[in-house]
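Residue numbers (our numbering): 405 to 530. Even glycine gets a Cβ: it sits at the ideal position worked out from N, Cα and C. One structure below.
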(Lines of atoms letter the chains of each structure in order from A and count residues from 1; the text may use other names and numbers.)
(Lines give C-alpha, C1' and ligand atoms only; values in the text may rest on other atoms or scores of the structure.)
Protein backbone atom coordinates (compact mmCIF):
# COMPACT_ATOMS: atom_id res chain seq x y z
CA UNK A 1 0.00 0.00 0.00
CA UNK A 2 1.31 3.43 -0.83
CA UNK A 3 0.03 6.97 -0.51
CA UNK A 4 0.36 10.21 -2.43
CA UNK A 5 3.71 11.52 -3.57
CA UNK A 6 4.78 14.94 -4.81
CA UNK A 7 4.88 18.44 -3.33
CA UNK A 8 4.22 18.60 0.41
CA UNK A 9 4.79 20.78 3.43
CA UNK A 10 6.85 19.80 6.48
CA UNK A 11 5.75 21.26 9.80
CA UNK A 12 8.30 21.11 12.61
CA UNK A 13 7.51 22.14 16.17
CA UNK A 14 10.60 22.62 18.33
CA UNK A 15 10.05 22.49 22.10
CA UNK A 16 11.34 21.04 25.33
CA UNK A 17 10.33 17.57 26.45
CA UNK A 18 9.08 19.02 29.75
CA UNK A 19 6.56 21.30 28.01
CA UNK A 20 3.07 20.15 28.94
CA UNK A 21 -0.57 20.52 27.98
CA UNK A 22 -3.05 19.70 30.76
CA UNK A 23 -0.46 17.65 32.68
CA UNK A 24 0.66 15.52 29.73
CA UNK A 25 3.60 16.02 27.37
CA UNK A 26 2.91 18.72 24.77
CA UNK A 27 4.57 16.65 22.03
CA UNK A 28 2.09 13.82 22.71
CA UNK A 29 -0.88 16.19 22.48
CA UNK A 30 0.38 17.53 19.14
CA UNK A 31 0.76 13.98 17.76
CA UNK A 32 -2.71 12.95 18.96
CA UNK A 33 -4.31 16.06 17.47
CA UNK A 34 -2.47 15.54 14.17
CA UNK A 35 -3.85 11.99 14.04
CA UNK A 36 -7.36 13.18 14.90
CA UNK A 37 -7.07 15.80 12.14
CA UNK A 38 -6.32 13.05 9.63
CA UNK A 39 -2.79 14.18 8.82
CA UNK A 40 -0.58 11.65 7.05
CA UNK A 41 1.72 11.14 10.03
CA UNK A 42 3.70 12.71 12.84
CA UNK A 43 6.96 11.75 14.52
CA UNK A 44 8.70 13.00 17.65
CA UNK A 45 12.49 13.25 17.75
CA UNK A 46 14.36 13.73 21.01
CA UNK A 47 17.56 15.72 20.82
CA UNK A 48 20.68 14.96 22.81
CA UNK A 49 21.69 18.59 23.13
CA UNK A 50 20.39 22.02 22.22
CA UNK A 51 19.34 25.50 23.28
CA UNK A 52 16.53 27.83 22.41
CA UNK A 53 15.31 31.32 23.20
CA UNK A 54 16.53 31.08 26.81
CA UNK A 55 20.10 30.35 25.59
CA UNK A 56 20.35 27.63 28.26
CA UNK A 57 22.09 24.56 26.85
CA UNK A 58 20.19 21.37 27.61
CA UNK A 59 22.27 18.25 27.22
CA UNK A 60 22.03 14.55 27.86
CA UNK A 61 25.61 14.59 29.16
CA UNK A 62 24.89 16.55 32.33
CA UNK A 63 22.62 14.74 34.75
CA UNK A 64 21.24 17.95 36.25
CA UNK A 65 19.94 19.21 32.87
CA UNK A 66 18.88 15.93 31.29
CA UNK A 67 15.18 16.26 32.14
CA UNK A 68 14.32 18.90 29.54
CA UNK A 69 15.98 17.83 26.32
CA UNK A 70 14.99 19.38 22.98
CA UNK A 71 12.14 17.69 21.11
CA UNK A 72 11.02 18.13 17.50
CA UNK A 73 7.56 17.08 16.32
CA UNK A 74 7.55 16.64 12.54
CA UNK A 75 4.43 16.39 10.37
CA UNK A 76 4.44 16.04 6.57
CA UNK A 77 1.30 16.31 4.46
CA UNK A 78 -0.17 18.47 1.71
CA UNK A 79 0.17 22.21 2.18
CA UNK A 80 -3.59 22.60 2.56
CA UNK A 81 -3.84 19.99 5.32
CA UNK A 82 -0.80 21.23 7.23
CA UNK A 83 -1.95 24.85 7.08
CA UNK A 84 -5.41 23.72 8.20
CA UNK A 85 -3.78 22.24 11.31
CA UNK A 86 -2.00 25.48 12.30
CA UNK A 87 -4.91 26.93 14.33
CA UNK A 88 -4.70 23.94 16.66
CA UNK A 89 -0.99 24.62 17.17
CA UNK A 90 -1.77 28.25 18.00
CA UNK A 91 -3.86 26.94 20.89
CA UNK A 92 -1.19 24.51 22.10
CA UNK A 93 2.21 26.10 21.51
CA UNK A 94 2.90 29.25 23.51
CA UNK A 95 6.70 28.95 23.39
CA UNK A 96 9.14 27.08 21.23
CA UNK A 97 9.53 27.45 17.50
CA UNK A 98 7.24 26.37 14.65
CA UNK A 99 8.63 26.13 11.12
CA UNK A 100 7.20 25.24 7.71
CA UNK A 101 9.36 24.00 4.85
CA UNK A 102 8.32 22.82 1.40
CA UNK A 103 9.41 19.27 0.67
CA UNK A 104 8.83 16.52 -1.85
CA UNK A 105 7.42 13.13 -0.90
CA UNK A 106 8.98 10.40 -2.99
CA UNK A 107 7.61 7.42 -1.08
CA UNK A 108 4.75 7.13 1.39
CA UNK A 109 3.77 3.98 3.25
CA UNK A 110 5.49 0.70 4.03
CA UNK A 111 6.76 -1.84 1.59
CA UNK A 112 4.46 -4.82 1.11
CA UNK A 113 5.85 -7.83 2.95
CA UNK A 114 3.05 -10.35 2.77
CA UNK A 115 1.95 -10.31 6.42
CA UNK A 116 -0.15 -7.16 6.25
CA UNK A 117 1.76 -4.97 8.67
CA UNK A 118 3.53 -2.99 5.93
CA UNK A 119 6.98 -3.55 7.46
CA UNK A 120 9.73 -4.94 5.29
CA UNK A 121 11.23 -6.81 8.28
CA UNK A 122 8.16 -8.99 8.72
CA UNK A 123 7.13 -7.16 11.87
CA UNK A 124 9.96 -8.47 14.01
CA UNK A 125 12.03 -6.23 16.27
CA UNK A 126 15.47 -7.11 14.91
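As assigned by DSSP and simplified to three states, the class of residue i
i, result
"residue 495", "helix"
"residue 511", "coil"
"residue 413", "strand"
"residue 501", "strand"
"residue 453", "strand"
"residue 443", "coil"
"residue 430", "helix"
Under 8 Å between C-beta atoms of residue i and residue j
i, j, result
"residue 419", "residue 486", "no"
"residue 446", "residue 497", "no"
"residue 480", "residue 412", "yes"
"residue 410", "residue 509", "yes"
"residue 489", "residue 438", "yes"
"residue 493", "residue 435", "no"
Top-ranked residue by Cα proximity to residue i, from the options
i, options, result
"residue 424", "509, 412, 482 and 499", "499"
"residue 422", "482, 451, 484 and 437", "451"
"residue 455", "493, 473, 433 and 436", "473"
"residue 443", "506, 484 and 495", "484"
Same chain, Cβ closer than 6 Å to residue i, neighbours up to 5 away in sequence not counted
i, result
"residue 449", "476"
"residue 431", "448, 475 and 477"
"residue 457", "none"
"residue 441", "489"
"residue 507", "412 and 414"
"residue 505", "414"
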